[in-house]
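As structure tokens, the structure follows; a few thoughts come after it.
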Amino acid sequence: MLNMEYLLEEAKNNSLPISKKRAIIREYLQIIILNSIYKQKPGKYFYFMGDTAMRYFYRLPRFSEDLDFNTPSLGYQEFENILEGVGKDLSREGLPATISVSRRKNLYTAKLLFIDVMGRYGISDGRRASLMIKIEINRPSWELNTDSKVLSMYGYSFTPILMSRGNLLSEKICALLNRKRGRDIYDTLYMLRKKFPFNENVLKANNIKLPV
19 MLNMEYLLEE
29 AKNNSLPISK
39 KRAIIREYLQ
49 IIILNSIYKQ
59 KPGKYFYFMG
69 DTAMRYFYRL
79 PRFSEDLDFN
89 TPSLGYQEFE
99 NILEGVGKDL
109 SREGLPATIS
119 VSRRKNLYTA
129 KLLFIDVMGR
139 YGISDGRRAS
149 LMIKIEINRP
159 SWELNTDSKV
169 LSMYGYSFTP
179 ILMSRGNLLS
189 EKICALLNRK
199 RGRDIYDTLY
209 MLRKKFPFNE
219 NVLKANNIKL
229 PV
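To get the working numbering, take the position in the sequence shown, counting from 1, and add 18.
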């Protein structure tokens, strides 16, 4: 468990305002979780995506709370085993979590509740002393194109498997059309400005046609 002074210094280096102490602690916990996933053998089936992946690898200037993944073939038992390993690694760091897992068809979900983690860091921000991180992993029907990049934060260095830029943009467009949230508009425009390509296979699988 790193002290708050170290976390604040890391936050400065990662463009996170030091006033956002809850967000800083959440990112620290996310990194421990990601490192644990990717050091385990089934971690090779966790393809990192979503807003948190965009922040860590493409400097999306918006904080995200959850960890989202695609998978080509991960089974539910393997998912449970991975989360058991994550729980052990968190406990070794002095940051134990209460973990619950569930499934809905091809979507697996885990909720990690860190009880009184804010209090342990001496932070009272008028909100709950606990903090929750949700992990979701989906097994979609379309082709999954991936990349890999080194992530070095909060004393950890590892190489996650990352969804390709084309998949990231195309799946965000699918999300935008399905739920029409303001953050999806923001993220889509951000990726378009960064010249992310489209993945036509993802769009076709979701009955979306590109303009000619």
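Cβ atoms here follow ideal geometry from the backbone N, Cα and C, with glycine treated the same way.
Between Trp160 and Ala223, the C-beta spacing is below 8 angstroms. Glu189 counts as buried, since at least 16 other C-beta atoms from the protein chains shown sit within 10 angstroms of its C-beta. Going by DSSP, Ile153 is part of the beta strand (DSSP E) stretching over 149-156. 8 angstroms or more divides the Cβ of Glu23 from the Cβ of Tyr172.
Contact annotation: Arg80 and Asp69 have beta-carbon atoms nearer than 8 angstroms. Pairing Lys167 with Tyr56, the inter-Cα distance amounts to about 12 angstroms.
Here Ser182 is buried, its C-beta having at least 16 other C-beta atoms within 10 Å.
If the five residues before and after Thr206 are omitted, its C-beta is found closer than 8 angstroms to the C-beta atoms of Leu187, Lys190, Ile191, Leu194, all from its own chain and listed in chain order.
Cβ contact annotation for Gly112 (same chain, cutoff 7 angstroms, sequence separation greater than five): Met19, in chain order. In the structure shown, Asn219 falls within a helical segment according to DSSP collapsed to helix, strand and coil. One alpha carbon belongs to Phe66, the other to Ile36, and they sit about 26 angstroms apart. Membership of Asp107 in any beta strand (DSSP E) is not indicated; the residue belongs instead to the alpha helix (DSSP H) covering 94-110.
Fewer than three beta-carbon pairs drawn from the segment 117-126 and the segment 139-149 are found closer than 8 angstroms, and the two stretches are therefore not classed as touching.
Taking 8 angstroms as the cut-off, the Cβ atoms of Ile51 and Leu92 do not count as close. In the DSSP assignment, Ser170 falls within the beta strand (DSSP E) that extends over 169-171. Straight through space, the alpha carbons of Lys152 and Leu25 are spaced by roughly 21 angstroms.
Comparing alpha-carbon positions, the option among Ser175, Ile42, Asn31, Ser33 lying closest to Tyr139 turns out to be Ile42. Residue environment: Glu102 is assigned as exposed (fewer than 16 neighbouring CB atoms within 10 Å of its CB, all protein chains considered).
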